[in-house]
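In the working numbering, the protein residues as written are 115 to 412.
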């Protein structure tokens, strides 16, 4: 069975100032997802599950239908909504903030029946990243063994503002620990993040970070159901607390329930956290097309 690729696309891109997921960045009007679809097709994925807000579906279907390779893949949609929670939980009436990346994956649970990868719709990960992910899922994935494709922090930060990243500790080729760090900014040859006490901490720019490129067996959903339920017992009463995917994986690693291989990629990551990042991405995509790395996608 071919692997599935879950694409988290429910975020509305508040800092960027618009719906990044359907904004054109390529030279012929391509959106970021066009490249993800093509790379997934080349990498041997059989199904794409877009995790979106239900009100986005009409726009998404219209845009995705223009991709020349969408018809070569099975496309399904899962909806991330505030009230999609394990029993007996329900969101506080005043909560408007999404539950986070872990919840986005949880929202796709009914669509997962094969080894699956996870990426975000906001990011350009590059061909080698998706191919590496697909190879692991097809050849090495086990019930208690997943993978993460990591990136160097310096190549994922933005010069236009702060970012949040899962900072990784790697031992013997395995992910040993991942800690979510917020308010990361570049300062010359180093980066600085804000710790839990509000202090500023320096960190090397070659530190491996998670860009939420993961691969797992379908059995992961059972672990997530149990873990998310326990998390809600503690945090469901907080308006802004988020269920981070890296934090879930970290807990599973330390509980001995999951082993995560660190995979390397030769691809460069591009993101559009802020509006000014768009010019950098557009220039890079134009160059890739000129060099023949991508065919016509629309």
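Note that CB positions come from ideal geometry on N, CA and C, so glycine has one too.
Unbroken beta strand (DSSP E) run spanning residue i, endpoints
i	result
residue 149	No beta strand (DSSP E) holds residue 149; the alpha helix (DSSP H) holding it covers 146-157.
residue 250	First-last for residue 250: 241-253, but that is the alpha helix (DSSP H), not the beta strand (DSSP E).
residue 260	259-266
residue 318	314-318
residue 386	Per DSSP, residue 386 belongs to no beta strand (DSSP E) and is neither H nor E.
Residue i in three-state terms, based on DSSP
i	result
residue 279	strand
residue 408	coil
residue 126	Confidence at residue 126 is low in this model, with a pLDDT of 47, below 50, so its placement is unreliable and the value that follows should be read with caution. Three-state DSSP puts residue 126 in coil, outside helix and strand.
residue 288	strand
residue 206	coil
residue 219	helix
residue 194	coil
residue 182	coil
residue 233	strand
residue 340	helix
residue 395	helix
residue 238	strand
First through last residue of the alpha helix (DSSP H) which encompasses residue i
i	result
residue 366	359-368
residue 325	Here residue 325 belongs to no alpha helix (DSSP H); instead the beta strand (DSSP E) covers 322-330.
Reference residue i, options the options, closest by Cα
i	options	result
residue 259	331, 273, 305	331
residue 272	376, 237, 256, 314	237
residue 255	276, 228, 241	228
residue 288	211, 317, 372, 395	372
residue 301	276, 313, 312	276
residue 399	240, 321, 280, 319	240
residue 317	291, 268, 310	268
residue 213	327, 199, 115, 283	199
Beta carbon of residue i nearer than 8 Å to that of residue j
i	j	result
residue 388	residue 274	yes
residue 203	residue 359	no
residue 362	residue 325	no
residue 329	residue 247	yes
residue 308	residue 296	yes
residue 153	residue 244	yes
Residue-chain proximity (residue i, chain B), Cβ-Cβ < 8 Å
i	result
residue 139	Among the protein chains of the structure shown there is no chain B, as only one such chain exists.
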